[in-house]
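Quick mapping for you: the protein sequence lines, in order, are chains U and H. Taken in order, the first sequence gives residues 1 to 746; the numbers are from my numbering. Taken in order, the second sequence gives residues 1001 to 1357; the numbers are from my numbering. Where is the CB? At the ideal position from N, CA and C, for every residue including glycine. Working notes, beginning with the structure itself.
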Amino acid sequence: MRVESAVSRLHPTVVLWLAVGWVGYAVLPWYGVDGNFFSFFWLGEGYPFEEDVAPALFLVAQGLKLWLAPLAILLLLPLLAWGRRKNDPFFGKLLIAVGALGLAWMLFQGFGIGLRGWRFGWLTMLFGELEDRQFGMGYGALLTACAFLFLFTLGLAARGAVGGDVFVVGSIGFVVAIVALFVFMPILQMLANALLTPDGVYSFSAFAGKFLSAKLWSLDCLVGGRRCGVAWNSLFLAILVGILSTLLGLAFALVATRTGFRFRRLLRALTVLPIITPAFVIGLAVILLFGLSGAFTQLSATVFGTQPTRWVYGLPGLLIAQTLAFTPVAFLVLIGVVEGVSPSMEEAAQTLRAGRWQTFLTVTLPLMRPGLANAFLLGFIESMADFGNPLVLGGNFDVLSTEIFFAIVGAQNDPALAAILAIVLLFFTLAAFYAQRFWLGRRSYTTMSGKGDAGVHARLPTSLRYALYGIVGFWVALTVVVYATIVYGSFVTLWGVDQSLTLKHYHQAFDVGWNEFGLHWRGSAWGSFWTTIIIALVSAPLTAAVGLLTAYLLARQNFAGKNAFEFGTMLSFAIPGTVIGVSYVIAFNVPPIELTGTGIILVLSFIFRNMPVGVRAGIASMSQIDRSLDESSLTLGASSWQTFRRIVLPLLRPAIVAALVYSFVRAMTAISAIIFLVSGRYDMATSYIVGRVENNEYGIAIAYSTVLIVVMLAVIGLMQLLVGSRRIGRRVSNAPGGQTAIAGAG
Amino acid sequence: MTKIRGNAASVSFEHVVKTYPGVSTPAVDDVSFAIEAGKLVTLLGPSGCGKTTTLRMIAGLEMPTSGRILIGGGDVTQLPATERDVSMVFQSYALFPHMTVMENVGYGLKFSGYSKAEATVRARAGLELVGLSGYEERLPSELSGGQQQRVAVARALVLEPQVLLFDEPLSNLDAKLRRQVREEIRDIQTKLGLTVVYVTHDQEEALAVSDRIIVMNKAVIAQDGSPRELYDAPASAFVADFIGEANVLSCKVESVSGQVAKVSVGPISITTPARGHQSGPAKLAIRPNRIAISPAGTKNSLPGTVGKATYVGSHMEYVVETASGSLFVVSPDVGAVHEPGQAIGLVFPAGGPVLVD
Ligand SMILES: Nc1ncnc2c1ncn2[C@@H]1O[C@H](COP(=O)(O)OP(=O)(O)O)[C@@H](O)[C@H]1O
Ligand SMILES: [Mg+2]
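Here it is in structure tokens:
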């Protein structure tokens, strides 16, 4: 029988979260401990009585931090639900009240009481001076907060929210909580801080003055002037890059999946190269090739006698570098979509007398619309947020992201200006986001129906096929040259000056030796290297998990406030890394959440920067899986969690691979956010490399980049093996004999 | 040998309303019915009348806006699909493309507390029941439409649900298979004594398989009864026309005495069960095969002219023009053919015409 018969004394989910809550309250240290929690050194530091490492219960029992006492009472109250069924109104109301009060109290005490007692004047007025103080919350507080959150969502589910589904309501609550905490809160804090004038007052006129300045909006270049506003530059570049990378990505996806092209595996591997390269490394290579003393520039000067110019600095160079860098993202998004288009749709079109071109134009391409829109959006936003390439290649072509950086770290030191530029950037990216939704409209693009899809993808029109080969061939050649330059450059003593070959860069960075303790990582790069690997390995699965869970909620569940929810989860993507970095530094430097200088803050910044890619890839794939598959699983007695795990996830494997690969790679290659967040203990590879570039040590920088690329290739190969490819029977036409055989798609 | 058993329970709707968010008119409007355990009941109606919505509310895939749903006497209104003991066969079958036939059929068993060995045995029993032994390791894409359909049925059956739901299960099959599969469904249903709720828009299918039919129209129940009742005594012109064909004529109820009404249609006058009608204008439904053709001028006959005569082998079909409109008449007499243009009289035998709303 599926309907639970016996009423256990206390609902098992309540038991679970009460246990978690009490472990957090009475067992683990309430406040953050200095140093690695998991080394358990704190057990030897006077635990559980010493104030710094004591659990909340022991603090309160000793008469310390008495504001934590009400939490104990709240953690006892759910026992009143003893013997109540889940559909008893009292059960739901009790849990909602306990959860909401618990969370509210934790927020209130966390933000109200800081390092120097009350943090707000009105609290002091109300309650008088507080002699005590508190530090950032730790694992104890984290578990207790989780317990309150999930008791709250359990209560909501019991009251019938989202069809009474505990897993779905809990997931929504979880995503809302983390997005609020790690996206909205830092941004709001930064905006508030930044709207202040240097004198510490809020000023609207100063804001308006900066917002409307000609530096941002001037259109001089259209009427023959020297340059246009920074905002227009960014927008123009982003649109071009978005279109170019989408088209190239589509060309690659088509060649890789729809043609009998013999080297398509190789091709697939090659498209991955740029994505695993820190973007600014491509910029460097472009300079080494086309810059004033670049290889091609020199070549054409000697062969054709052309005058070397700086043409590549600015829009042309940025366009080349960013298109090279972001096409693979578009490819990763599009390949899942191209594979997902149901062959029976194309077969239907062909039986309706559509030729190959007509089938492609009227069926295949329109069915890929969600993928195309997503790919464009990603390219657009990536370009808007890219920071490394404009820094290296921008020349006089200023864009928003670098302006933000210089507004904060440069001589101006004007956080208000940075915030205003960020608002403009945000406006553009959000506009693109809405334009995309408008374009997709309410049409359905579901093509994977519940009936096992039999059929063969239509072959591409011949002329299109050759055009694709041409485009892809050119791109491949360019990529090969760029990477050859990078690898070669890592062995060159000093590019453009001393072209002799050497291994000294590798020695300097990655030397390994033996000493009395065994293996000795002697090279200067090892520290940042291991940190980067660990941080990337930790954040990739977390990012993919959060991203796909969010995608599932958005694509498959209906609940009040869903639009706001989607907006919130996509917002972090529209915020350039620079802004995220600065806002995290501002928000997480002081209690209640103190994270600066830890590895956690790096992991968090990666999760919330990269999650939207997982979300979009997940939504695009999920919109191709018919809902009746989930529904039949539900009617067969699987819970929504089991349905998610056994039906949705297996069918989403391409999206999972995409999300894992993407977030791992981004964690290894990102620069803009983490340059603010790294610390002595947690230095990252990219910030180390940028440091070398700043010192003009190009050799070691490029050598390090080469090593990173090789390592990422290895890890990605492993991930692909682990996750495997989607197993759906699909008839594949066998060239000789025309028999049909069955093979896993992809 | 493990046998798949029935586990039938009753289903009832009490004033159920379902309004989809963002849609002003309800998809199901104040619907009440009770389905006995062990019966096959069909929801019949034109496309868009709310059948699927009703079915999905039984399954727990949609939650009613108001009203109560009971299964086996227990209130399940707030229970999500997972926690209801109801299985559904989808119109698209919804077989999981990444699982074999065996994995598909065993899917629900995994969540019902069966051991692995037991689940395998049951899944095999289920496949045997639908005649698909030997197909265990195939993928759905390697099966024909009819076979996919049977896998979907087996997958639902092995859970021995209290209620089994079918949403237009035959719509993806060819005509010959359709008859065969619907008989198989009916056989399994009677053999195991299942409660089945079956959605279709095909009246012939509904008449053939059902113990009872609930006819829906525009989000409400138009009539609820046995196939015989619906055919012989349709409650409304809509039902009369939707189930089998019917001529609907305007008429006038002259007088009502007890259960019997005196009704006049043009020059003729007949008596028929009143069915709650009062004196005044009304509508009369007459099946084409319940009209007799007699020579013009026969006593108490409706005068008319033959407009069209079609020979269809087993019987003759006529369109007869009368003062009350054109009537469709079916005559078993293929010997005496009435030519177009011929004047005739139409006689309505007792029990033929019914007053409808
Ligand atoms: N998810 C939905 N959102 C809004 N309206 C819907 C939805 N599903 C069905 N409807 C509407 O509800 C009505 C009944 O639909 P349905 O139950 O599917 O009809 P049937 O199965 O009888 O053809 C239709 O008018 C349809 O447009
Ligand atoms: Mg329907």
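Three-state secondary structure assigned by DSSP to residue i
i	result
U:G450	For U:G450, the predicted model reports a pLDDT of 46, less than 50, meaning its position is unreliable; a value from the coordinates is still stated below. Here U:G450 sits in coil by DSSP.
U:I600	helix
U:P612	helix
U:V53	coil
U:L595	coil
H:K1003	coil
U:W30	coil
U:K215	helix
U:K65	coil
H:C1251	strand
U:P736	Note that U:P736 scores 30 on pLDDT, short of 50, meaning its location in the model is unreliable and no value can be drawn from it.
U:R727	Per-residue confidence for U:R727 stands at a pLDDT of 46, beneath the threshold of 50, marking its modelled position as unreliable; the derived number appears in the next sentence. Three-state DSSP puts U:R727 in coil, outside helix and strand.
H:V1121	helix
H:K1308	strand
H:A1094	coil
H:Y1428	Because chain H here runs from 1001 to 1357, residue 1428 of chain H falls outside it and cannot be looked at.
U:F120	coil
H:K1039	coil
H:Y1318	strand
Within 8 Å, strictly: CB atoms of residue i and residue j
i	j	result
H:M1088	H:D1167	yes
U:F326	U:V241	yes
H:A1246	H:R1275	no
U:A418	U:F207	no
U:R609	U:A670	yes
U:I282	U:L237	no
H:N1007	H:E1160	yes
U:F387	U:T578	yes
U:H11	U:K86	yes
U:V14	U:P70	no
Beta-carbon neighbours of residue i, restricted to chain U and to distances below 7 Å
i	result
H:Q1078	N87, G160, G164
H:E1096	In the sequence under discussion, the amino acid at residue 1096 of chain H is Phe, which differs from the Glu named in the question. Under the 7 Å cutoff, chain U gives L629, I647.
H:M1063	G163
H:L1159	L636, G637
H:R1124	Per Cβ cutoff of 7 Å: no residues; H:R1124 is ~17 Å from chain U at best.
H:A1154	Simply none; closest approach about 12 Å.
Within chain U, partners of residue i - CB distance below 8 Å
i	result
H:Y1107	S633, L636, A638, R646
H:M990	With chain H running from 1001 to 1357 in the structure shown, residue 990 of chain H is simply not present.
Selected residue, minimal CA-CA separation from residue i, among the options
i	options	result
H:R1337	H:S1326, H:K1308, H:L1355	Inspection of the sequence shows that residue 1337 of chain H is occupied by Val rather than by Arg. Looking at the Cα atoms, H:K1308 is the closest of the given residues.
H:N1104	U:G371, U:D630, U:F433	U:D630
U:L288	U:L270, U:G317, U:V303	U:G317
U:T532	U:L708, U:G209, U:L126, U:A279	U:L708
U:L460	U:T569, U:S528, U:A251	U:A251
U:P541	U:A253, U:Q298, U:I656, U:F41	U:I656
H:K1110	H:V1256, H:A1123, H:R1056	H:A1123
Under 7 Å by beta carbon: chain H residues contacting residue i
i	result
U:Q642	F1111
U:L651	H1098
Interface residues of chain H facing residue i [CB-CB closer than 9 Å]
i	result
U:L553	None at all; the shortest Cβ gap to chain H is about 16 Å.
Contacts that residue i makes with chain H (C-beta to C-beta distance below 8 Å)
i	result
U:D626	S1092, A1094
Closer than 9 Å at the beta carbon, the chain U residues around residue i
i	result
H:R1005	Result: empty, since nearest Cβ-Cβ is about 13 Å, beyond 9 Å.
H:A1059	E631, L634, T635
Indicate whether the contact test is met: 3 or more Cβ pairs, each with one atom in the stretch 135-143 of chain U and one in the stretch 81-100 of chain U, closer than 8 Å.
-> no
Would the stretch 558-568 of chain U and the stretch 160-174 of chain U be scored as touching if the rule is three or more Cβ pairs under 8 Å?
-> yes
Segment contact, 8 Å Cβ cut-off, at least three pairs: the stretch 633-652 of chain U with the stretch 594-604 of chain U = no
Would you say the stretch 1347-1356 of chain H touches the stretch 1288-1297 of chain H, given that touching needs at least three Cβ pairs under 8 Å?
-> yes
How about the stretch 390-404 of chain U and the stretch 254-264 of chain U: do they share at least three Cβ pairs that are nearer than 8 Å?
-> no
At least 3 beta-carbon pairs within less than 8 Å: the stretch 611-626 of chain U vs the stretch 142-155 of chain U = no
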